[in-house]
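Quick note, this note's numbering runs 11 ahead of the 1-based positions in the sequence shown. Positions of the beta carbon are idealized from the N, C-alpha and C atoms, including for glycine.
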Amino acid sequence: MENIIPKNKKITYEEFKEIDSKTDEMLEFINGEIYLLSTPSVAHQRILTNLSTEFGIYFIDKKCKHFVAPLDVILQNDQEKHKVQPDITVICDEKGLTENNYTGVPELVVEILSPSTASKDYIIKMDLYMRFGIKEYWIVSPKNQEIQIFSLQDGVYGEPINFSKDEVLKSVIFDDLKIDLKNIF
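See the structure below:
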(Lines of atoms letter the chains of each structure in order from A and count residues from 1; the text may use other names and numbers.)
(Lines give C-alpha, C1' and ligand atoms only; values in the text may rest on other atoms or scores of the structure.)
Protein backbone atom coordinates (compact mmCIF):
# COMPACT_ATOMS: atom_id res chain seq x y z
CA MET A 1 0.00 0.00 0.00
CA GLU A 2 1.29 3.43 -0.80
CA ASN A 3 2.19 5.57 2.16
CA ILE A 4 -1.15 7.31 2.68
CA ILE A 5 -1.44 6.56 6.39
CA PRO A 6 -0.06 9.41 8.49
CA LYS A 7 2.54 8.45 11.08
CA ASN A 8 2.64 9.93 14.58
CA LYS A 9 -0.19 12.37 13.88
CA LYS A 10 -3.75 12.31 15.15
CA ILE A 11 -6.36 12.89 12.47
CA THR A 12 -10.09 13.51 12.38
CA TYR A 13 -12.67 10.88 11.47
CA GLU A 14 -13.36 12.77 8.24
CA GLU A 15 -9.67 12.61 7.30
CA PHE A 16 -9.71 8.91 8.12
CA LYS A 17 -12.75 8.31 5.86
CA GLU A 18 -10.90 9.97 2.98
CA ILE A 19 -7.88 7.70 3.50
CA ASP A 20 -10.09 4.64 4.00
CA SER A 21 -11.91 5.32 0.72
CA LYS A 22 -8.62 5.26 -1.21
CA THR A 23 -7.36 1.86 -0.08
CA ASP A 24 -8.38 -1.78 -0.19
CA GLU A 25 -6.63 -2.40 3.15
CA MET A 26 -8.71 -3.20 6.22
CA LEU A 27 -8.35 -0.28 8.64
CA GLU A 28 -9.54 0.60 12.11
CA PHE A 29 -9.70 4.14 13.51
CA ILE A 30 -9.35 4.59 17.26
CA ASN A 31 -8.55 7.74 19.24
CA GLY A 32 -7.47 9.64 16.13
CA GLU A 33 -5.08 6.94 14.92
CA ILE A 34 -5.29 4.45 12.05
CA TYR A 35 -4.54 0.77 12.60
CA LEU A 36 -3.88 -1.59 9.70
CA LEU A 37 -5.45 -5.03 10.19
CA SER A 38 -3.23 -7.96 9.31
CA THR A 39 -4.23 -11.22 7.70
CA PRO A 40 -5.32 -13.67 10.41
CA SER A 41 -3.52 -16.97 11.01
CA VAL A 42 -5.08 -20.37 10.38
CA ALA A 43 -5.40 -20.91 14.16
CA HIS A 44 -7.21 -17.56 14.44
CA GLN A 45 -9.61 -18.50 11.65
CA ARG A 46 -10.26 -21.95 13.11
CA ILE A 47 -11.15 -20.46 16.50
CA LEU A 48 -13.29 -17.77 14.87
CA THR A 49 -15.20 -20.36 12.82
CA ASN A 50 -15.76 -22.57 15.88
CA LEU A 51 -16.95 -19.67 18.04
CA SER A 52 -19.19 -18.40 15.26
CA THR A 53 -20.79 -21.84 14.99
CA GLU A 54 -21.52 -21.84 18.74
CA PHE A 55 -22.91 -18.30 18.62
CA GLY A 56 -25.02 -19.19 15.58
CA ILE A 57 -26.61 -22.12 17.39
CA TYR A 58 -27.17 -20.11 20.57
CA PHE A 59 -28.68 -17.03 18.91
CA ILE A 60 -31.04 -18.90 16.57
CA ASP A 61 -34.58 -17.59 17.13
CA LYS A 62 -33.31 -14.91 19.57
CA LYS A 63 -33.50 -11.12 19.31
CA CYS A 64 -29.72 -10.69 19.36
CA LYS A 65 -27.58 -11.74 16.39
CA HIS A 66 -23.87 -12.26 15.96
CA PHE A 67 -21.72 -11.00 13.11
CA VAL A 68 -18.24 -12.09 12.12
CA ALA A 69 -15.51 -9.72 10.87
CA PRO A 70 -15.23 -7.92 8.63
CA LEU A 71 -18.12 -5.78 9.89
CA ASP A 72 -17.34 -2.14 10.58
CA VAL A 73 -18.64 -1.11 14.00
CA ILE A 74 -18.93 2.66 14.41
CA LEU A 75 -18.76 3.83 18.02
CA GLN A 76 -19.65 7.49 18.38
CA ASN A 77 -20.93 10.10 20.76
CA ASP A 78 -20.94 13.91 20.74
CA GLN A 79 -17.17 14.13 21.26
CA GLU A 80 -15.66 11.20 19.37
CA LYS A 81 -16.08 8.70 16.56
CA HIS A 82 -14.24 5.41 15.97
CA LYS A 83 -14.35 2.47 13.54
CA VAL A 84 -13.40 -1.02 14.72
CA GLN A 85 -13.79 -4.55 13.40
CA PRO A 86 -14.14 -6.99 16.29
CA ASP A 87 -13.74 -10.64 15.33
CA ILE A 88 -17.29 -11.26 16.57
CA THR A 89 -19.93 -8.65 17.37
CA VAL A 90 -23.24 -9.41 19.11
CA ILE A 91 -25.94 -6.87 18.32
CA CYS A 92 -29.31 -6.78 20.08
CA ASP A 93 -30.52 -3.43 18.72
CA GLU A 94 -30.49 -3.69 14.94
CA LYS A 95 -31.66 -0.14 14.22
CA GLY A 96 -28.05 0.98 13.71
CA LEU A 97 -27.37 -1.84 11.23
CA THR A 98 -27.02 -0.82 7.58
CA GLU A 99 -25.91 -2.68 4.48
CA ASN A 100 -22.27 -1.74 5.18
CA ASN A 101 -21.82 -1.30 8.95
CA TYR A 102 -23.28 -0.99 12.41
CA THR A 103 -23.47 2.29 14.29
CA GLY A 104 -24.25 1.72 17.92
CA VAL A 105 -23.05 -0.18 20.96
CA PRO A 106 -22.93 -3.97 20.67
CA GLU A 107 -23.78 -6.06 23.72
CA LEU A 108 -20.70 -8.25 23.38
CA VAL A 109 -17.52 -8.25 21.32
CA VAL A 110 -14.84 -10.90 20.85
CA GLU A 111 -11.23 -10.24 19.88
CA ILE A 112 -8.87 -13.12 19.04
CA LEU A 113 -5.29 -12.24 19.88
CA SER A 114 -2.37 -12.36 17.52
CA PRO A 115 1.19 -11.34 18.40
CA SER A 116 0.76 -8.06 16.54
CA THR A 117 -2.58 -7.10 18.16
CA ALA A 118 -2.31 -8.20 21.80
CA SER A 119 -1.39 -4.83 23.29
CA LYS A 120 -4.02 -3.02 21.18
CA ASP A 121 -6.71 -5.51 22.26
CA TYR A 122 -5.80 -5.35 25.95
CA ILE A 123 -5.20 -1.63 26.25
CA ILE A 124 -6.60 0.52 23.43
CA LYS A 125 -9.67 -1.52 22.51
CA MET A 126 -10.47 -2.48 26.10
CA ASP A 127 -10.50 1.20 27.07
CA LEU A 128 -12.63 2.10 24.03
CA TYR A 129 -15.14 -0.70 24.60
CA MET A 130 -15.39 0.19 28.29
CA ARG A 131 -15.91 3.92 27.56
CA PHE A 132 -18.74 3.13 25.14
CA GLY A 133 -20.45 0.70 27.51
CA ILE A 134 -20.03 -2.63 25.74
CA LYS A 135 -21.30 -4.97 28.44
CA GLU A 136 -19.09 -7.97 27.75
CA TYR A 137 -15.66 -8.22 26.11
CA TRP A 138 -14.01 -11.56 25.38
CA ILE A 139 -10.30 -11.83 24.66
CA VAL A 140 -9.31 -15.16 23.13
CA SER A 141 -5.72 -16.39 23.35
CA PRO A 142 -4.94 -19.06 20.73
CA LYS A 143 -1.48 -19.53 22.21
CA ASN A 144 -2.69 -20.15 25.79
CA GLN A 145 -5.95 -21.74 24.64
CA GLU A 146 -8.03 -19.63 26.98
CA ILE A 147 -10.73 -16.99 26.93
CA GLN A 148 -10.98 -14.08 29.32
CA ILE A 149 -14.35 -12.43 29.85
CA PHE A 150 -14.43 -8.83 31.00
CA SER A 151 -17.87 -7.60 32.07
CA LEU A 152 -18.93 -4.05 32.69
CA GLN A 153 -19.69 -3.31 36.34
CA ASP A 154 -20.36 0.27 37.42
CA GLY A 155 -18.90 1.54 34.14
CA VAL A 156 -15.58 -0.34 34.29
CA TYR A 157 -14.27 -3.75 33.37
CA GLY A 158 -13.30 -5.62 36.51
CA GLU A 159 -11.03 -8.60 36.88
CA PRO A 160 -11.58 -11.07 34.04
CA ILE A 161 -13.18 -14.46 34.40
CA ASN A 162 -10.73 -16.93 32.87
CA PHE A 163 -11.69 -20.11 31.06
CA SER A 164 -9.17 -22.65 29.79
CA LYS A 165 -9.51 -25.17 26.94
CA ASP A 166 -10.86 -27.91 29.25
CA GLU A 167 -13.65 -25.81 30.76
CA VAL A 168 -17.14 -24.71 29.84
CA LEU A 169 -17.32 -20.96 29.34
CA LYS A 170 -20.35 -19.16 30.75
CA SER A 171 -21.31 -15.71 29.53
CA VAL A 172 -22.03 -13.06 32.16
CA ILE A 173 -24.79 -11.21 30.28
CA PHE A 174 -26.37 -14.13 28.41
CA ASP A 175 -27.30 -16.44 31.29
CA ASP A 176 -27.72 -19.62 29.30
CA LEU A 177 -24.83 -19.13 26.84
CA LYS A 178 -22.38 -21.93 27.62
CA ILE A 179 -19.57 -23.06 25.32
CA ASP A 180 -17.44 -26.16 25.82
CA LEU A 181 -14.00 -24.83 24.93
CA LYS A 182 -12.84 -28.28 23.79
CA ASN A 183 -14.97 -27.50 20.72
CA ILE A 184 -13.20 -24.16 20.18
CA PHE A 185 -9.45 -24.86 20.50
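### Query
Shortest alpha-carbon distance to Leu180 belongs to which of Glu170, Tyr168, Cys75 and Lys193?
Here the closest residue by C-alpha is Lys193.
### Message
Quick check on DSSP: helix, strand or coil for Gln56?
### Response
Reduced to three states, the DSSP call for Gln56 is helix.
### Task
Provide the residue(s) that pair with Ser162 in DSSP beta bridges, ordered along the chain.
Residue pairing by DSSP puts Ser162 in a beta bridge opposite Glu147.
### Query
In terms of DSSP beta bridges, what is Asn173 paired with?
For Asn173, the beta-bridge partners assigned by DSSP are Gln159.
### Task
For Pro126, count neighbouring C-beta atoms within 10 Å of its own C-beta (all shown protein chains included) and say buried if the count is 16 or more, exposed if not.
Burial call: exposed.
### Task
Measure the alpha-carbon distance for Ile41 versus Met141 and round it to whole angstroms.
Rounded to whole angstroms, Ile41 to Met141 spans 13 Å at the Cα level.
### Query
Do three or more CB pairs link the stretch 83-93 to the stretch 65-74 at distances below 8 Å?
By the Cβ criterion, the stretch 83-93 is not in contact with the stretch 65-74, since fewer than three pairs of Cβ atoms, one from each stretch, lie closer than 8 Å.
### Message
Between which two residues does the beta strand (DSSP E) holding Lys28 run?
### Response
Lys28 -> not in any beta strand (DSSP E); alpha helix (DSSP H) instead, spanning Tyr24 to Ser32.
### CA-to-CA distance, Gln56 to Val167, given in whole angstroms
It is roughly 30 Å from the alpha-carbon of Val167 to the alpha-carbon of Gln56.
#### Entry: CB-CB length for Cys103 against Glu122, believed under 8 Å
Going by Cβ atoms, the distance from Cys103 to Glu122 rounds to 19 Å, so no, they are not a contact pair.
### Query
What's the call for Pro81, buried or exposed, on a 16-neighbour Cβ count within 10 Å?
Counting C-beta atoms within 10 angstroms of its own C-beta, Pro81 has fewer than 16 neighbours from the protein chains shown and is therefore classed as exposed.
### Task
Rounded to whole angstroms, what's the CA-CA distance from Lys106 to Glu147? Just pull it up for me.
Each residue's Cα considered, the two are about 20 Å apart.
### Task
Measuring alpha carbon to alpha carbon, tell me which of Leu124, Ile190 and Glu91 ends up nearest Ser52.
For the residues Leu124, Ile190 and Glu91, the minimum Cα distance to Ser52 belongs to Leu124.
### Query
Pick from Ser152, Asn111 and Ile160: whose alpha carbon is nearest that of Ile145?
When Ser152, Asn111 and Ile160 are compared, the shortest CA-CA separation from Ile145 is found for Ile160.
### Query
In this structure, what does DSSP give as the bridge partners for Lys76?
Lys76 pairs with Ile102.
### Query
Where does Leu47 land, buried or exposed, given buried means 16+ other C-beta within 10 angstroms?
Per the 10 Å Cβ criterion, exposed.
### Task
Under the assumption that Val79 contacts Ile99 (Cβ atoms under 8 Å), give the Cβ distance between them as a whole number of angstroms.
That belief holds up - the Cβ atoms of Val79 and Ile99 are roughly 6 Å apart, short of 8 Å.
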